[in-house]
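Colleague: With mature numbering (1 follows the signal peptide of the UniProt record, and there is no 0) applied, the sequence shown covers -15 to -1, 1 to 682. Idealized CB from N, CA, C, for every residue including glycine. Remember, it's a predicted structure, so these values are computed and weren't measured experimentally. Let me begin by handing over the structure; questions about it come next.
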Amino acid sequence: MNLLLIIILIPTVTLQWITKDSTKKHGALSKRIESLSKLTEKIINNYFGGCVLVVLYDETYLNEKIDTIKKLFDAQPRVSYVQKKINLTRKDNNYVVADKCYNYLIFLNDVYDIGKVIGKETINKILIITESTPWTVKDYLRSHPSRFYTNLLIITHSMSRRTEAGSYLLYTHHLYTDGSGASEPVLLTSWIKDHPTDININYYPEKLNQGFKGHRLIVSVAHKPPYTIRKNIINRDIIDWDGIDIRLIKLLSKILNFTAEFRDPIASDRLLLFKQIINILNYNKLIKSFSNSPIYASLTDVKNENSIIATGGIYKTINITNNYDTSLDYMEDCAAFISKSSTALPKYQAVLGPFDPSVWIFVSVIYLLAIIILTINTSYKFIELILKPNILLHMFWYVFSTFTNCFVIKNPLLNNGIAKNATSFLIGFYWVFTIIITSCYTGSIMAFITVPTFPAPIDTAEKLLNEKYTIGTLNHDGWESWFNYTNMTDPIGVRLLESINYVSNINDGIKNTSKAFFWPYAFLGSKLTLEYIAQDKFPPNSKTMRSSMHISKNCFINFGVTFVLQKNSIYTESINKIIIRARQSGLTQKIIKDIEWDIQRTAEGRRLPISDSWKTRKLPTEDRKLQLDDTQGMFLILICGILIGCLSITIELICYFVKKKKFNKIQVEDLTFELTTSENYLDHLKGTRSDERPYTC
């Protein structure tokens, strides 16, 4: 009987216990969901405002906690979010939202799976709700992958039995706690039911306030003066670097507390070895397919994670920003043209200097028109001038001989009318007009002979196009694509760069420019680099303060110079903050001036002037007497006149002899014709006489 009673009571008690335990678990789960809902609502409202919330969850968490996720969303109807389920078995799970303001809310069963869900994230905030234990969370925050997520907050449930249901622990990490780059987990606070244990805690504290604790950053440097200058080369292992970029990075290292190690790109050494092997195998065509750009090699080092920063006057372009992280522009550069400077006009050309070409044309036209007006008469009318243009030649020589008294010509033109007094009119008009022109001319000829005259320099693309310049640029570093005429819409740029010439380095381009003789040549490159090379190899003349090479003042395209880092690098934001302060305080300009003073030298080894006003200062002019060399232009004009006169006489003599020969030929033909006619006539007479003999029987 007792046994039967026990058998009956056991299922009943078990059922009641199971029901009670289920009710207890359900109540605890409800408390956890309610507490978690309030916690997430507080974080979203206080830290995620104004941006879209990206909600991600793995399949395991969705299957086990789908009710939790639904209740969390139902409790926050005003939040705009985008949700996606992640399959952790796939390799392309990284969720990317480009150029948007967004934050992450991620539900993970295992906190170590975050690397399978999103890539590196150093700007936007991340909130992870995980089922991992606090010990697992701490281990993850100590690991190297946790450094890829700067603004990270992890929520996990408390495992302590002394805490009631709905208790959570909030963890983040301290980055770069020592020189090795280690990170340490930090318990921010605990959340119990509907309130934190520390009310004034910041759930997303600012990181890296104390810098990087002396952590070593490898900087891949491309040699490009004056940005980066390789100097004092002893061997491949000991190289001293200097330049604008180098000094700015050293300034950043002092403020951010890291150690910068500068070195040549590893990719360039490998490429050099590969080219040597190809050259030995005599595959020269294959060498041309590889870029010899040090900038490309330094970017390759960053991409392959062989270095942290790439530098060397790298321009901030779309191609760079799409594949790398870039700092803020710390200075500006531009694409400019370098060409031969316009030299002073020769002294023989200075004779024409006082008058503009239009004045010379106008004076010549006036003189020629006056010839027609003063020599016209009743025998030579305008209609006859049109029908017989050779009359103008007679008029010209008559006026020329009368005015210059060079020689006397018998005037066949003066028959009657006003032209009978043409000589007096001619001399009076010509002398008055000539005296006015001569006084204006002699008032300016001294200045044009004694002071050098320089044509206007070429500073615009329009002038280069009008002067029919051949343009050259680099075949790497992006110059071959930036200035490809097929990618341009400006009509002047298209016409100018349609037949562009590519060179392998800047020195070759400047060499082509300096040695251009028959066809003008201009090289398109970095203005700052061109100025650095020009002041070293082509110093200005001490008398004229002009260099043999001219760099255009106008920029063809402007560029911002930047540092390149790995995509979503943890160092980018810290570097940007310092660059902003450096630009606002003028430190970047000071570094540029320091480089000019400390490193850059003229060809004579002298330092560059501190101020740029010396380039635009006026040259002192000295009063001096005219020398024989100054009058060479006048003799040149005299010789030209004599040559023109000789040419005219030669042409007239040729025409005279041709006409005479033609006339003699016609006379001979006429005489021959007359003789032939006479002989025929005589023969005819003889025949007639023989026929008229008397008839006899």
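Measuring CB atoms only, is the region 185 to 205 touching the region 285 to 301, in the sense that at least three cross pairs come out at less than 8 Å?
Modeller: Taking 8 Å as the limit for Cβ pairs, the verdict is that the region 285 to 301 does touch the region 185 to 205.
Colleague: Quick check on this structure: which residue in Leu515, Glu19, Thr557, Tyr281 has the alpha carbon closest to the alpha carbon of Lys496?
Modeller: Residue Leu515 is the option with its Cα nearest to Lys496.
Colleague: Tell me the rounded alpha-carbon separation between Tyr454 and Ile477.
Modeller: Looking at the two C-alpha atoms, the distance is approximately 13 Å.
Colleague: Helix, strand or coil: how does DSSP classify His11 here?
Modeller: Residue placement at His11 is flagged as unreliable, the pLDDT there being 49, under the threshold of 50; the coordinate-derived value follows with that caveat. Here His11 sits in helix by DSSP.
Colleague: Check this for me: beta carbons of Ser312 and Phe503, under 9 Å apart or not?
Modeller: Contact flag unset, no.
Colleague: May I ask which residues mark the beginning and end of the beta strand (DSSP E) holding Glu317?
Modeller: Segment 316 to 325, the beta strand (DSSP E) holding Glu317.
Colleague: Check whether the Cβ atoms of Ile576 and Leu237 sit closer than 9 Å, and answer yes or no.
Modeller: Contact flag unset, no.
Colleague: Tell me whether the beta-carbon of Cys86 lies closer than 9 Å to the beta-carbon of Val122.
Modeller: No. Outside cutoff.
Colleague: Spell out a yes or no on whether the region 462 to 478 and the region 516 to 525 are touching, meaning 3 or more CB-CB pairs, one atom from each, closer than 8 Å.
Modeller: Too few Cβ pairs lie closer than 8 Å, so no.
Colleague: For Ser20, collect the residues of the same chain with a Cβ closer than 6 Å to its Cβ; drop the 5 residues on either side in sequence, then sort them by chain order.
Modeller: Gly151, Lys178, listed in sequence order.
Colleague: I need the straight-line Cα distance from Ile234 to Ala245, nearest angstrom please.
Modeller: Roughly 8 Å between the two C-alpha positions.
Colleague: Per the DSSP calculation, Trp176 is bridged to which residue(s)?
Modeller: Answer is Tyr153, Pro181.
Colleague: Under 7 Å Cβ to Cβ from Ala519, same chain only, skipping five residues before and after it: list those, please.
Modeller: Cβ neighbours of Ala519 beyond the five flanking positions: Ile323, Ser532, Met534, Ile536.
Colleague: Specify the secondary structure class of Pro130 as computed by DSSP and reduced to three states.
Modeller: If DSSP states are grouped into helix, strand and coil, Pro130 belongs with the helices.
Colleague: Within the chosen definition, does the region 101 to 110 reach the region 126 to 146 through at least 3 CB pairs nearer than 8 Å?
Modeller: Enough Cβ pairs lie closer than 8 Å, so yes.
Colleague: Using only the alpha-carbon positions, how far apart do Arg566 and Ile456 sit?
Modeller: Arg566 and Ile456: Cα-Cα distance of roughly 39 Å.
Colleague: Count Cβ pairs between the region 185 to 199 and the region 158 to 176 that sit closer than 8 Å; are there 3 or more?
Modeller: Touching, yes, given that three or more Cβ pairs across the two stretches are closer than 8 Å.
Colleague: Nearest CA to the CA of Thr174: which residue from Thr157, Glu558, Ser117?
Modeller: The shortest C-alpha separation from Thr174 is found at Thr157.
Colleague: For Tyr268, which three-state DSSP category applies?
Modeller: Since pLDDT at Tyr268 reaches only 43, below the 50 mark, its modelled position is unreliable, and the value read off the structure follows with that caveat. Coil.
Colleague: Taking the DSSP output, what are the residues bridged to Asp310?
Modeller: Asp310 is bridged to Leu550.
Colleague: What's the gap between the Cα of Thr182 and the Cα of Ser22?
Modeller: Their Cα atoms are separated by approximately 17 Å.
Colleague: Tell me, to the nearest whole angstrom, how far the beta carbon of Asn539 is from that of Thr445; I am working on the premise that it is less than 8 Å.
Modeller: Confirmed, Cβ separation roughly 5 Å.
Colleague: Just confirm the distance between the C-beta atoms of Asp43 and Asp98, as a whole number of angstroms; I'd bet it's less than 8 Å.
Modeller: With a Cβ gap of about 6 Å, Asp43 and Asp98 count as contacting.
Colleague: Three or more C-beta pairs under 8 Å: does that hold for the region 367 to 376 against the region 349 to 356?
Modeller: Not touching, per the Cβ criterion.
Colleague: Excluding the 5 residues flanking Ser65 on each side, which residues of the same chain have their C-beta closer than 7 Å to its C-beta?
Modeller: Val37, Leu38.
Colleague: By alpha-carbon positions, which one of Val488, Asn490, Trp467 ends up nearest to Val479?
Modeller: Among Val488, Asn490, Trp467, the Cα nearest to that of Val479 belongs to Trp467.
Colleague: Mark Ser145 as exposed unless 16 or more other C-beta atoms lie within 10 angstroms of its C-beta, in which case mark it buried.
Modeller: Result: exposed.
Colleague: Among Ser633, Ile580, Tyr641, Lys645, whose alpha-carbon lies nearest the alpha-carbon of Thr213?
Modeller: Comparing Cα-Cα distances from Thr213 to each of Ser633, Ile580, Tyr641, Lys645, the minimum goes to Ile580.
Colleague: Among Gln551, Ser326, Cys631, whose alpha-carbon lies nearest the alpha-carbon of Thr306?
Modeller: If we check each option's Cα against that of Thr306, Gln551 comes out closest.
Colleague: Looking only at C-alpha atoms, which of Ser633, Thr25, Tyr46 sits nearest to Phe381?
Modeller: Here the closest residue by C-alpha is Ser633.
Colleague: Could you check whether Leu155 and Leu172 sit closer than 9 Å to each other, using their CB atoms as the reference points?
Modeller: Yes; because the gap between Cβ atoms is below 9 Å, this pair is in contact.
Colleague: Check Asp225 in the structure and name its three-state DSSP category.
Modeller: Here Asp225 sits in strand by DSSP.
Colleague: Taking Cβ to Cβ, would you say Pro211 is nearer than 9 Å to Ile584?
Modeller: Yes.
Colleague: For Val350, count neighbouring Cβ atoms within 10 angstroms of its own Cβ and tell me buried if that reaches 16, exposed if not.
Modeller: By the neighbour-count rule (16 or more Cβ atoms within 10 Å), Val350 is not buried but exposed.
Colleague: Short of 7 Å in beta carbon distance, which residues of its chain neighbour Tyr32, apart from the five on each side in sequence? Order them along the chain.
Modeller: Here the set comprises Lys110, Tyr188, Tyr189.
Colleague: Among Lys325, Leu449, Pro442, Trp464, whose alpha-carbon lies nearest the alpha-carbon of Cys319?
Modeller: For Cys319, the nearest C-alpha among the options comes from Trp464.
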